[in-house]
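Asker: One structure, as structure tokens, below. Some questions next.
Laid out in structure tokens, this is it:
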């Protein structure tokens, strides 16, 4: 009996040591898991804190392009839906800043915003000064008259008339160049709404505009117009960025997303919803 006692004590000690080892291993595992969990949580918090913010300048004065509510909390229109989708695919935090149409590019020049977005046409003057995204739709320029003048189809038939155009539209450049040839008196409007109302009330004789706006006013304002068969140029629509490294990087990232949106039909759906036709098909080189 005495000889067996040391053996029993040794076995008990080994059992206790094993239990202690298992308990320590479990505690270490638990500590490791907790540490990893904490690290993951901290990583998420850090990721959230470092979430990229992109500030967009827009006129926000009217659909189908861009409309901001009076309190600035609700943004609707083509550019709203386009940037909502871009944000969804990139995880960016999008901040919208409203500015007068005439000062939108000034905000970009000053570096107060990262993007100018108001369904802008890609004019040579703009493309010389800024970086331009891939176009997301094409909008044909046209000249319209009231429905009771449906027999007018050429610029020659409009010699000497008063013609309206919205400030900043690509058609403004075309009309001002053509004014000397056709003797036009050009009236420049701050907003398209005023120009269309003046044409409807016959305060002006014609309006240089885009197909998309003709569709808009005919459907939403119960107005009827006649589009001349002789057309102005079509123009691509794109986003604008500063010509520096920061602007180049952002432009390239946006282009990657725009390309995917074009490929999977997302852009087509957005444009068709607001323009009543798929104007992505009108994009040209």
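Residue numbers (the working numbering): 14 to 298. Here a beta-carbon is modelled for each residue, glycine too, at the ideal position from N, C-alpha and C.
Please classify residue 163 as buried or exposed, where buried requires at least 16 neighbouring CB atoms within 10 angstroms.
Answerer: The count along the chain shown starts at 1 and reaches residue 163 at position 150. Per the 10 Å Cβ criterion, exposed.
Asker: Report yes if the C-beta distance between residue 178 and residue 199 is below 8 Å; otherwise report no.
Answerer: Here residue 178 is taken as the residue at index 165 of the chain shown, counted from 1. Here residue 199 is taken as the residue at index 186 of the chain shown, counted from 1. Yes, they are a contact pair.
Asker: In this structure, how does DSSP classify residue 283 when only helix, strand and coil are distinguished?
Answerer: Taking the first residue of the chain shown as 1, we reach residue 283 at position 270. It is helical.
Asker: Among the residues of its own chain, which have a CB less than 6 Å from the CB of residue 220, if the five just before and after it don't count?
Answerer: Locating residue 220 in the chain shown gives position 207, where the first residue counts as 1. Same-chain partners within the cutoff: 157, 177, 208, 212.
Asker: With a Cβ-Cβ cutoff of 8 Å, do residue 254 and residue 263 count as a contact?
Answerer: Along the chain shown, one-based indexing puts residue 254 at 241. Along the chain shown, one-based indexing puts residue 263 at 250. Yes, the pair counts as a contact, with Cβ atoms nearer than the cut-off.
Asker: Between the region 283-291 and the region 228-248, do at least 3 Cβ pairs fall closer than 8 Å?
Answerer: Yes, they touch.
Asker: Mark residue 154 as exposed unless 16 or more other C-beta atoms lie within 10 angstroms of its C-beta, in which case mark it buried.
Answerer: Start at 1 with the first residue of the chain shown, and residue 154 comes out as number 141. When all chains shown are included, residue 154 counts as buried.
Asker: Please give me, in chain order, every unbroken run of the beta strand (DSSP E) with length at least 3 that falls completely inside the region 193-236.
Answerer: Segments of the beta strand (DSSP E) lying fully in the region 193-236: 198-202, 219-223.
Asker: Quick one: residues in its chain with C-beta nearer than 8 Å to the C-beta of residue 136, no 5 flanking neighbours on either side, listed in chain order?
Answerer: Taking the chain shown and counting its residues from 1, one reaches residue 136 at position 123. 183, 186, 248, listed in sequence order.
Asker: Which first and last residues belong to the beta strand (DSSP E) in which residue 79 is found?
Answerer: The residue labelled residue 79 in the question sits at position 66 within the chain shown. Looking at the DSSP string, the run of the beta strand (DSSP E) that includes residue 79 is 79-81.
Asker: Assuming residue 243 and residue 133 form a contact by the criterion Cβ under 8 Å, report the distance between their Cβ atoms to the nearest whole angstrom.
Answerer: For this step, residue 243 is matched to residue 230 along the chain shown. For this step, residue 133 is matched to residue 120 along the chain shown. Wrong, their Cβ atoms sit about 25 Å apart, outside the cutoff.
Asker: Note down, in chain order, each residue of its chain lying with its Cβ closer than 6 Å to the Cβ of residue 94, except the 5 sequence neighbours on either side.
Answerer: Numbered from 1 along the chain shown, position 81 holds the residue referred to as residue 94. Correct list, in chain order: 283.
Asker: If you run the structure through DSSP and keep just helix, strand and coil, what is residue 133?
Answerer: By one-based count along the chain shown, residue 133 stands at place 120. Of the three classes helix, strand and coil, the one that applies to residue 133 here is strand, per DSSP.
Asker: Whose CA, out of 119, 89, 222, lies closest to the CA of residue 239?
Answerer: Along the chain shown, read from residue 1 onward, the residue named residue 239 stands at position 226. Of 119, 89, 222, the residue nearest in Cα terms is 222.
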